[in-house]
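Notes follow the structure.
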Amino acid sequence: MNNHCLPKSEKLCSRTAINRLFAEGSAFIVYPLRIVYRIDENSTAAPQFFINIPKRNFKRAVKRVYLRRRIREAYRLHKEILAEPLARRNQSIHLAFLYLDKNLTDFKSIEKNMIEALERLVQRTEPQQTTES
RNA sequence: ACAGCAGGACGGUCUGUCGCUCGCCUCGUGCGGGAGGAAAGUCCGGGCAACACAGAGCACCAUAUUUCCUAACGGGAAGCUAUUCGUGAGGGUAGAGUCGCGUAACAGAAAAGAACCGCUGCGCAAGCAGUAAGGGUGAAAAGGUGAGGUAAGAGCUCACCGGGCUUUACAGCAAUGUAGAGUGCCGUACGUCUUAUGGGUUGUAAGGUUAUGUACACCGGCGCCAUAGGGUUGCUCGCCCGAUGCCGGGGGGUAAACCGCUAGAGCCUUGUGGUGACACAAGGUCGAGAUAAAUGACAGACGCUCUCUUCGCGAGAGUACAUAACCCGGCUUACAGGCCUGCUGUAUUU
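Residue 76 in our numbering sits at position 81 of the first sequence, and the numbers go up by one each step.
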């Protein structure tokens, strides 16, 4: 069965790790989400993620909390899409989800975007055997 | 019944699947707790903590009717005075002093010791002098009405009315009110100015402990005594410290963990006192503690409100505002909907 648990070890809390992620990571957009990621080869650690809703776009804390919870739930329910291939390839990943739109969206569309984003991540992190030995 | 005024209290419920966080244990597919009335704005006042602190003057900021409440407040309660809105229940605003100085747009002759027209006297006239009754302007025009008086007029004088000041009596803890007497004293607002009271700074990322660990900041003691410099609230005076030497302690950075961190001016009930804010007594009770930040996501059902309606057990739409970050007391602002108590107006019935 799929494991939908989301313990604290899968959250990205360290300030230095986050700074490294933004300094060295790659990014793409599945609107309204912007995904920043950084791959560690030869590591068995579980993927770590965090969510950022810019205060600039949502002044009220209620709306930021609303979005953070829905994005988190979408990730929690579908993270196996990403975790399973990474574990097979001996990779670990740091992830950041940034919400770009200035309006609220419902869970259905966030879920759809999340699935698409995770599937693209799996493709993008495919190791290129042609370049590296 | 409808419309409204004031005060108070509330602000969804249940089921299933998958999760988060804290605590406890019998350590598992366990049990229990888990946002608000404003948690918000960060506008006041405290607690707590660290640092600072001889003192004087000026400056700066805040407050300013009375009595009371409170740990405290710039908050609250009950009053007082003036003014204003409402038919009304009621609501809003203002409230230390004022000798001097400044400002009062436009219009108007003039915005404070006023002469444009008018009126009166003198004069042939030009004009000079007097005059605030009347006109016109304005948000505001020198208290109002009447009589006397006068060349014409004017608190110039008098009567009554309105206001101010002084004073006496009574009521009230007081602000103040009521009544009497005296005084012709009679624009208003704002600013400046004056007086009284209060004000050290920084906020839990405070601050403390542990771990890792090194080139230097910092602290203590001794020494040196001369200036640069620094601190003391912004300035002035005054005061204090004081680089480079020696000895000892130990810091920066990473920010990892823990404490601070939730039992408190706490909450609930009852009683007593008080018009009230509130106080006191007795009994009961423990109700989040996260840290890139939990308290949720999805599905369904039921409430509640509105609209449509074939008046049905129907259909559709909506279900607010706002997410703890050390903790309390207020203030301000946002809020779908109910509910309770007292009162007002209108209409109707008996």
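We put the CB at the ideal spot given by N, CA and C, even for glycine. Bear in mind the structure is a predicted one, so any value in this text is a computation, not a measurement.
Can you tell me which of the options puts its alpha carbon nearest to the alpha carbon of residue i?
i             : options                       : result
aspartate 96  : Ile48, Lys74, Glu75, Ala40    : Ile48
leucine 28    : Ala18, Glu75, Arg65           : Arg65
aspartate 101 : Ser87, Leu62, Leu81, Ala41    : Leu62
alanine 22    : Ser87, Leu93, Leu7            : Leu93
arginine 119  : Ile13, Cys0, Ala18, Ile24     : Ile24
asparagine 98 : His(-1), Tyr26, Arg33, Lys107 : Tyr26
serine 4      : Pro42, Ala12, Arg84           : Pro42
proline 2     : Arg71, Glu121, Arg84, Val57   : Arg71
glutamate 121 : Leu16, Arg84, Met109, Lys107  : Arg84
isoleucine 88 : Arg55, Gly20, Cys0            : Gly20
histidine -1  : Met109, Lys54, Glu75          : Glu75
leucine 7     : Lys50, Ile110, Arg67          : Arg67
lysine 103    : Glu79, Arg115, His73, Glu114  : His73
alanine 40    : Glu114, Arg59, Glu79, Ala18   : Glu79
From the DSSP output, read off the bridge partner residues of residue i.
i             : result
histidine -1  : Answer is none; histidine -1 lacks a bridge partner.
lysine 6      : Phe44
aspartate 35  : Ser87
isoleucine 76 : Answer is none; isoleucine 76 lacks a bridge partner.
arginine 29   : Ile24, Leu93
Between residue i and residue j, how many whole angstroms is the CB-CB distance? I'm expecting something under 8 Å.
i             : j              : result
valine 31     : leucine 77     : Not a contact, Cβ separation roughly 14 Å.
alanine 69    : isoleucine 105 : 5 Å
isoleucine 34 : glutamine 86   : 6 Å
Between residue i and residue j, is the Cβ-Cβ spacing less than 8 Å?
i                : j          : result
phenylalanine 45 : alanine 91 : yes
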